[in-house]
Amino acid sequence: MIYYLNIKKYREESITLIKKETKNTHCPYCKGEGYFQLRLGGSETCNCCNGSGRK
Numbered sequence: 025m026i027y028y029l030n031i032k033k034y035r036e037e038s039i040t041l042i043k044k045e046t047k048n049t050h051c052p053y054c055k056g057e058g059y060f061q062l063r064l065g066g067s068e069t070c071n072c073c074n075g076s077g078r079k
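Quick note, in my numbering, the sequence shown goes up one by one and the last residue is 79.
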């Protein structure tokens, strides 16, 4: 029974976090920065938000 309650509590907390994240207006791909850092150096504009950082 305790195990079930812990799972239920965890799911409720996860759902709350998801709801908070969806209210955010930042671009989900670049996290609101408008660009990506490339591994070999340099950066590239985010194609999803066209560099604005917003959805």
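Using N, Cα and C, we set each Cβ at its ideal position, and we do this for glycine too.
In angstroms with no decimal places, state the Cα-to-Cα distance between residue i and residue j.
| i | j | result |
| --- | --- | --- |
| Gln61 | Ser67 | 4 Å |
| Tyr53 | Arg78 | 10 Å |
| Asn71 | Thr49 | 16 Å |
| Thr69 | Gly56 | 11 Å |
Do residue i and residue j have their C-beta atoms closer together than 8 Å?
| i | j | result |
| --- | --- | --- |
| Ser76 | Gly58 | yes |
Helix, strand or coil for residue i, going by three-state DSSP, please let me know.
| i | result |
| --- | --- |
| Ser67 | strand |
| Tyr53 | coil |
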